[in-house]
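Here the structure comes first, spelled out in structure tokens, and everything after it is commentary.
Numbering (this note's numbering), first residue to last: 151 to 219.
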């Protein structure tokens, strides 16, 4: 895998848009939303989110498939 110095948004988009998986390219969009710090989900809300996660047993912390609602 090549290396890229991700110095700005244009470079990141260029690098990410060149990725391909099973013949598909990613759909990219930039969110400029600034989120508040210190906000957390309740345990009940977090369980609902976690029920949609499928973790790869080889890389459970890093390779996660999120099922849409």
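From the three backbone atoms N, C-alpha and C, an ideal C-beta is built for every residue, glycine too.
Going by DSSP, residue 204 is part of the beta strand (DSSP E) stretching over 203-205. Within the same chain, 175 and 176 come within 8 Å of residue 169 by CB-CB distance, once the 5 residues on both sides are set aside.
When 219, 167 and 189 are compared, the shortest CA-CA separation from residue 198 is found for 219. Where residue 215 is concerned, the enclosing beta strand (DSSP E) starts and stops at 214-216.
In the DSSP assignment, residue 198 falls within the alpha helix (DSSP H) that extends over 193-200.
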